[in-house]
Structure formats: C-alpha cells, structure tokens
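J.:
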C-alpha cells in the first residue's frame with residue numbers, strides 16, 4: 001500500500017480481495033490494522049501511555065510540514081479512514097444477514113463512518129500543498145465517497161447528492177488520465193468502472209429520487225455536473241476547482257441549447273438518445289464547419305471526438321445489457337451504428353487528405369517519388385479496410401442501396417491504388433507493365449450510369465462525378481503509356497542492330513565511347529582458334545601408294561608380367 005494511488009490503496013485493495021461477506025471484511029480490516037501498526041512504529045507515532053489518550057495521541061497532530069517531510073503521514077491518515085470505513089461495511093454486511101441488536105449495530109456503523117469522514121477532513125487539510133494534482137483529486141474522490149455513504153445513512157439527501165456528484169465528476173476525469181501503455185491502466189479502468197457501477201450511480205439515483213428537487217433528466221452525467229458546484233459540504237468544495245484545472249468540461253453544467261434533439265436519424269431509422277451529454281455533443285459535432293478544413297490534422301480532432309462518443313455509448317450499452325425494453329435496445333443499436341458510421345467516414349476523409357498532401361509535394365527525384373508512392377499505397381490500403389468496416393456495421397447489409405454503394409466505393413479506391421502502382425512502373429520506365437495495369441482497369445472498371453446509389457456520403461469522400469472522372473483519366477493514361485511503350489520498343493530494336501549494320505549505327509550520346517576510346521592506345525590480345533585445317537584437308541590429301549604402314553610392336557607376356565612386379569599395386573618398388 002502507498003499514497004501513490006489513494007483509490008488503488010483503498011477501494012482497489014478491496015476489489016482485489018473479493019470482499020463479499022462480513023468475514024471477508026473483517027479479515028481485510030485486520031490486515032489493514034496490522035499494516036497501520038507497523039506504519040505507526042516506523043513514523044514513531046505510537047502512544048504507549050494510554051492514560052488521557054486523547055491528550056497524548058500524536059496522529060491528530062500531524063501537520064502539513066510533517067507530510068511534506070514524509071508522505072507516509074498522509075498514508076497513515078488514509079488507512080485510518082479506510083479501516084473505519086471497512087468496519088462500517090463489515091457491520092452493514094452483518095446486519096443484512098442478522099437482525100439481532102439492529103439499533104446498536106447501526107449506531108456503531110454510523111459512528112465509524114463519522115470517524116472516517118473526520119479523518120478524511122484532516123487528510124485533505126494536510127495535503128493542500130501536494131504538487132501532484134491527480135493524487136489530490138483521488139483523495140477528494142475518496143473523501144467524497146466516504147461522505148456520500150455517511151450522508152445516505154443519515155438520510156441527508158442533498159449532502160449525498162453533492163458528494164456523489166463530486167465523486168462522479170472526479171472519476172470521469174481520472175478515467176481520461178489513464179495511460180494506455182501503462183501496465184496498470186486496465187486495472188485502474190476496471191476499478192473506476194466498478195466504483196461508478198456499484199457505488200456512485202446507485203447512490204446518485206437514490207439521492208435524486210429522495211431529494212426535494214425534481215430532476216428534468218435521468219442522465220447521471222448531467223445530474224453530476226449540475227450539482228457538483230452546490231458546495232453543500234464545504235471541505236469538498238476545492239475538488240471542483242482541481243478538476244477544472246485539468247479539464248473544466250467535467251464540471252461544467254450541460255447547457256440547455258435551443259435545439260437539443262433527443263433523436264438521431266440514420267438512413268430510414270430513428271433512434272432516441274437517453275444520454276443528455278451524448279445528445280449535446282452530437283449536435284455540436286454536426287454543426288462543425290468541416291468544409292473549411294484543409295489539413296488532415298483538423299480531421300484528427302474530429303475523429304477523436306466521434307471516437308469518444310462511441311466509447312461513451314458503448315459504456316452505456318454495457319451497463320444496460322440486461323435491458324428488457326426491446327425498443328430501447330433497438331435505439332441503442334441504431335445509435336451505435338450512427339456514431340461508428342460517422343467516425344469511420346471521418347477517418348476515411350482524413351486518410352484521403354493525407355494522400356492529397358503526399359501527391360501535392362514537389363519532388364524532382366524519381367526515387368523519392370517512388371518512396372512517396374509507397375506511403376500512398378499504404379494509405380489506400382487503409383482506406384479500403386475502412387470501407388470494409390463500414391460494410392460490416394449492423395444494418396448496412398440490409399440496406400441494399402447503401403451496401404452496393406459501399407462495395408462500389410471499395411472498387412473505386414482499389415482502382416485508385418492500382419493507378420498509383422501503374423504510375424510507379426511508368427516512373428521506373430517499365431511501360432509494358434504499366435500498360436497491362438491500365439488495360440486491366442479499363443476492361444474491369446466501369447463507372448458509367450449511376451455508380452453510387454446513395455445521394456452523398458459524409459464529408460464528400462467520393463461521388464459519381466469523381467468515379468466517371470477516374471474512368472476518363474485511366475483511358476487517357478492508358479493511351480499515353482501505350483505510346484511510350486511503343487516508342488521505347490522501337491528505339492530498343494534499333495539499338496540491337498547498331499553493331500551489326502554500320503549504316504544504322506547511331507553516334508548519339510556516349511555510344512562510340514562505349515565501344516572504344518580513340519584517345520587511348522589500343523591493346524591487342526591473342527585469340528584462341530580452333531584447329532580445323534587438318535579436318536578440312538583430310539578429305540583432299542592422300543598418302544603415297546607404295547608406303548607400307550609400320551607394323552605395330554606388341555609387348556611380350558614376360559614384359560607385362562615383369563612390369564606388374566614393379567611394386568605393391570604398381571606404386572612402389574621402381
């Protein structure tokens with residue numbers, strides 16, 4: 001345990017211990033007590049003389065200076081509050097299974113919670129100068145949770161509403177501060193989700209239902225932002241300022257805009273939105289003047305916002321996965337498709353702008369242009385993958401016009417990718433290969449008529465006019481490449497006979513110097529020749545008729561045997 005993560009040291013430890021029964025709470029409380037005892041000894045805060053303990057105990061006298069000198073003083077107070085809170089949870093768990101001594105146990109539970117609240121107040125006071133803002137926010141969230149539980153037991157609904165509103169705003173902010181590459185990020189997110197699902201949201205709903213003010217919305221995010229600034233509990237008030245210093249959107253009340261639509265329409269489907277924050281952010285995104293965007297970075301921000309809305313709605317769906325209302329389930333599915341549809345088209349537009357930026361670069365070197373084309377090809381592959389994701393969205397397959405249009409969109413960008421490959425071959429002077437690609441495109445790609453059955457796509461990523469223009473462009477490039485290929489072929493044919501026919505020899509360029517350098521003295525080397533003279537003359541030369549060939553001499557048997565005795569296997573003994 002440490003103060004590096006106050007929520008991890010307290011509620012995180014509870015989550016890891018799987019506390020369900022009062023015996024589990026008791027064991028965990030005893031473990032915490034043992035750790036506290038050791039920590040007291042290490043900090044020399046043990047009061048051995050228990051007479052007049054209140055006057056002699058050292059814990060309540062911990063100051064800011066001591067915390068600044070050793071942060072374990074803050075850890076001690078945190079664990080003291082956690083021990084009392086665990087004691088209260090233990091009693092509550094016991095009361096749920098036994099009705100004996102109900103009133104006395106309940107008083108003990110409330111007194112422990114009150115003591116935990118008092119310790120949290122002291123903890124927040126000595127950590128005012130803590131430089132780590134996130135750590136301070138965690139401490140305030142823990143204190144708000146403790147205060148909220150105490151207020152619910154005391155039926156102080158306004159205090160409970162305020163405390164859990166602060167806790168919710170703080171937890172939402174902490175969720176955005178998690179580093180994805182961190183090994184503990186998944187555990188921290190699980191802890192935050194568990195606190196929201198099992199502690200904060202149920203208590204907020206209870207406080208809203210029991211409060212005197214009737215809320216106009218059931219969205220807990222909106223409720224939390226509305227009441228986090230009530231300052232009903234004074235010592236929690238600085239939490240709002242700390243959260244605002246990191247991101248003020250988490251404590252700003254959702255504004256009541258003039259045209260707040262609670263529905264979205266995707267194709268022929270209409271869906272209700274049950275999250276006010278989601279509704280407001282969708283309206284703001286739809287009002288974005290994307291036509292003024294000229295850089296891919298502008299769409300990066302837009303893509304991040306759509307992605308955040310997808311995450312919010314996915315979390316809402318996970319919480320209501322046991323929903324029995326079929327209409328609400330249908331609304332959630334349509335809204336999810338609507339959000340992902342816009343998110344994917346934003347990514348598509350961003351990648352297309354990146355391609356345009358690469359193509360617009362002024363590059364004189366062929367090698368650099370070929371290298372740039374590799375990046376363009378990778379981006380076109382990503383674009384085609386994005387189109388495939390669009391086709392896989394729920395509800396797209398059943399919409400024949402949309403599905404056929406997306407299939408044609410995939411063909412369109414695949415052809416544009418092939419055109420880049422053909423251009424690369426042309427740059428490398430491989431005109432026959434480029435011509436084959438253009439000819440294949442011309443045979444298989446036809447954008448005449450109504451290529452897209454959808455009137456328009458988000459962000460104007462493509463249109464029927466662009467598809468027809470691509471067909472015409474491919475035809476022009478095919479004609480040009482064919483001419484270049486024919487020209488190169490004719491020139492290469494003349495070059496082959498240049499050595500054999502001196503009348504066709506071209507002296508352009510360095511052709512002559514490639515054969516010999518007239519400025520240098522020549523070098524003569526012997527050439528091996530085949531002895532063919534005798535083979536030819538043999539048919540015409542005859543020998544003298546009187547001459548008798550000399551008889552061949554034959555070696556005698558004795559000579560052969562004598563020769564064989566020359567040594568061991570004929571190797572030694574000569």
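In our numbering, the protein residues as written are 1 to 574.
Beta carbons are placed, not taken as given, at the ideal position from N, Cα and C, and that holds for glycine.
1) Check residue 473 in the structure and name its three-state DSSP category.
2) The beta strand (DSSP E) spanning residue 422 covers which residue range?
3) Can you name, in chain order, every residue of its own chain whose Cβ lies under 7 Å from the Cβ of residue 194, other than the five neighbours on each side?
4) Can you give the Cα-Cα distance for residue 239 and residue 333, rounded to whole angstroms?
5) Can you tell which of 460, 140, 469 and 159 has its C-alpha closest to the C-alpha of residue 211?
6) Under the criterion of a Cβ to heavy atom distance below 6 Å, does residue 18 qualify as lining the ligand COA?
7) Report all residues from its chain with a CB closer than 8 Å to the CB of residue 140; omit the five preceding and five following residues, and keep chain order.
8) Of the residues 372, 66 and 392, which one's Cα is nearest the Cα of residue 126?
9) What's the gap between the Cα of residue 150 and the Cα of residue 80?
10) Cα separation between residue 286 and residue 35?
11) DSSP state of residue 272, grouped into three classes?
12) If you follow the alpha helix (DSSP H) that residue 306 is in, where does it begin and where does it stop?
13) Determine the direct distance from the alpha carbon of residue 253 to that of residue 189, and round the result to whole angstroms.
14) Express the C-alpha separation of residue 179 and residue 92 in angstroms, rounding to a whole number.
15) Buried or exposed for residue 148, please, with buried defined as at least 16 other CB atoms from any protein chain shown within 10 angstroms of its CB.
16) Quick one: residues in its chain with C-beta nearer than 7 Å to the C-beta of residue 454, no 5 flanking neighbours on either side, listed in chain order?
17) May I have the straight-line CA-CA distance separating residue 446 from residue 476, to the nearest angstrom?
18) I need the DSSP call for residue 366, collapsed to helix, strand or coil.
19) Run through DSSP, which three-state label would residue 263 get?
20) Would you call residue 250 buried or exposed, if buried means 16 or more other Cβ atoms sit within 10 Å of its Cβ?
21) In angstroms with no decimal places, state the Cα-to-Cα distance between residue 18 and residue 25.
22) Identify whether residue 437 lies in helix, strand or coil by the three-state DSSP scheme.
23) Is it the case that the Cβ atoms of residue 197 and residue 276 are separated by a distance below 7 Å?
24) From 424, 72 and 222, pick the residue whose C-alpha is nearest to that of residue 38; which is it?
25) Just the C-alpha distance for residue 173 and residue 134, rounded to the nearest angstrom, thanks.
26) How long is the line joining the alpha carbons of residue 396 and residue 388, rounded to whole angstroms?
27) Assuming residue 86 contacts residue 59 under a Cβ cut-off of 8 Å, what Cβ separation, rounded to an integer in Å, is found between them?
28) Pick helix, strand or coil for residue 394, following the three-state DSSP scheme.
29) So the alpha helix (DSSP H) residue 590 belongs to, where does it begin and stop?
30) Keeping to the same chain, check which residues put their C-beta closer than 7 Å to that of residue 462; ignore five residues upstream and five downstream.
31) Tell whether a beta-carbon distance below 7 Å holds between residue 366 and residue 343.
32) Smallest Cα separation from residue 602: which of 327, 305 and 297?
33) Starting from the Cα of residue 84, find the closest Cα among 229, 473, 29 and 350 and give me that residue.
34) With a Cβ-Cβ cutoff of 7 Å, do residue 338 and residue 290 count as a contact?
35) Applying the criterion that 16 or more other CB atoms from any shown protein chain within 10 Å of the CB defines a buried residue, is residue 331 buried or exposed?
T.: Once the coordinates are examined:
1) Residue mapping note: residue 473 aligns to position 473 of the chain shown, counting from 1. In the three-state scheme derived from DSSP, where H, G and I count as helix and E and B as strand, residue 473 is classed as helix.
2) On the chain shown, position 422 is the one that residue 422 refers to. No beta strand (DSSP E) holds residue 422; the alpha helix (DSSP H) holding it covers 400 to 427.
3) For the purposes of this step, residue 194 is taken as the residue at position 194 of the chain shown. Excluding the 5 residues flanking it on each side, residue 194 has same chain C-beta neighbours closer than 7 Å at 15, in chain order.
4) Here residue 239 refers to the residue found at position 239 when the chain shown is read from its first residue. Here residue 333 refers to the residue found at position 333 when the chain shown is read from its first residue. Looking at the backbone, the Cα of residue 239 and that of residue 333 are separated by about 36 Å.
5) Here residue 211 is taken as the residue at index 211 of the chain shown, counted from 1. Ranking the options by Cα distance to residue 211, first place goes to 159.
6) Absence of the ligand COA is noted for the structure shown, with no ligands found whatsoever.
7) Working through the chain shown from its first residue, we reach residue 140 at position 140. Excluding residues within five positions, the ones whose Cβ falls inside 8 Å are 124, 166, 170, 236, 238, 239 and 242.
8) Your numbering for residue 126 matches position 126 in the chain shown. Nearest in C-alpha terms to residue 126, of all of 372, 66 and 392, is 66.
9) What you label residue 150 is simply residue 150 of the chain shown in a count that begins at 1. What you label residue 80 is simply residue 80 of the chain shown in a count that begins at 1. Cα to Cα, the separation comes out at about 16 Å.
10) Translated into positions along the chain shown, residue 286 becomes position 286. Translated into positions along the chain shown, residue 35 becomes position 35. Rounded to the nearest angstrom, the two C-alpha atoms are 54 Å apart.
11) Position 272 of the chain shown, counted from the start, is the residue given in the question as residue 272. Here residue 272 carries a strand assignment [DSSP, helix/strand/coil].
12) Within the chain shown, numbered from 1, the residue matching residue 306 stands at position 306. From DSSP, the alpha helix (DSSP H) with residue 306 extends over 296 to 319.
13) Taking the first residue of the chain shown as position 1, residue 189 is located at position 189. Taking the first residue of the chain shown as position 1, residue 253 is located at position 253. C-alpha separation (whole angstroms): 24 Å.
14) Numbered from 1 along the chain shown, position 92 holds the residue referred to as residue 92. Numbered from 1 along the chain shown, position 179 holds the residue referred to as residue 179. Approximately 36 Å, taken between the alpha carbons.
15) Against the chain shown, residue 148 aligns to sequence position 148. It counts as buried.
16) Position 454 of the chain shown, counting from 1, holds the residue named residue 454. Same-chain partners within the cutoff: 401, 402 and 405.
17) Numbered from its first residue, the chain shown carries residue 446 at position 446. Numbered from its first residue, the chain shown carries residue 476 at position 476. If you take the alpha carbons of residue 446 and residue 476, they lie about 15 Å apart.
18) Counting from 1 along the chain shown, the entry for residue 366 is found at position 366. Helix at residue 366.
19) Numbered from 1 along the chain shown, position 263 holds the residue referred to as residue 263. DSSP places residue 263 in strand when its eight states are reduced to three.
20) By one-based count along the chain shown, residue 250 stands at place 250. Under a 10 Å Cβ-count criterion, residue 250 is classified as buried, with 16 or more other Cβ atoms of the shown protein chains found around its own Cβ.
21) Along the chain shown, read from residue 1 onward, the residue named residue 18 stands at position 18. Along the chain shown, read from residue 1 onward, the residue named residue 25 stands at position 25. Cα-Cα distance, rounded: 9 Å.
22) For the purposes of this step, residue 437 is identified with residue 437 of the chain shown, where counting begins at 1. Looking at residue 437 - three-state DSSP - the assignment turns out to be helix.
23) In the chain shown, counting from the first residue as 1, residue 197 sits at position 197. In the chain shown, counting from the first residue as 1, residue 276 sits at position 276. Result no, Cβ atoms of residue 197 and residue 276 do not sit closer than 7 Å.
24) Residue 38 sits at position 38 when you count from the first residue of the chain shown. Nearest of 424, 72 and 222 to residue 38, Cα basis: 72.
25) On the chain shown, residue 173 is found 173 positions in, with the first residue counted as 1. On the chain shown, residue 134 is found 134 positions in, with the first residue counted as 1. Rounded to whole angstroms, residue 173 to residue 134 spans 9 Å at the Cα level.
26) As a first step, residue 396 must be located in the chain shown, where it is residue number 396. As a first step, residue 388 must be located in the chain shown, where it is residue number 388. Cα to Cα, residue 396 sits roughly 11 Å from residue 388.
27) Working through the chain shown from its first residue, we reach residue 86 at position 86. Working through the chain shown from its first residue, we reach residue 59 at position 59. Actually they do not touch by this definition, with Cβ atoms about 18 Å apart.
28) Position 394 of the chain shown, counted from the first residue, corresponds to residue 394. Coil.
29) With the chain represented from 1 up to 574, any question about residue 590 goes unanswered, as that position is not in the structure.
30) Translated into positions along the chain shown, residue 462 becomes position 462. Contacts found: 409 and 412.
31) As a working note, residue 366 is residue 366 in the chain shown. As a working note, residue 343 is residue 343 in the chain shown. No; because the gap between Cβ atoms is not below 7 Å, this pair is not in contact.
32) No statement about residue 602 is possible, as the shown extent of the chain runs from 1 to 574 and does not include it.
33) Numbered from its first residue, the chain shown carries residue 84 at position 84. Looking at the Cα atoms, 29 is the closest of the given residues.
34) Start at 1 with the first residue of the chain shown, and residue 338 comes out as number 338. Start at 1 with the first residue of the chain shown, and residue 290 comes out as number 290. No, they are not a contact pair.
35) Reading the chain shown from its first residue, position 331 is the one you call residue 331. Under this definition residue 331 is a buried residue.
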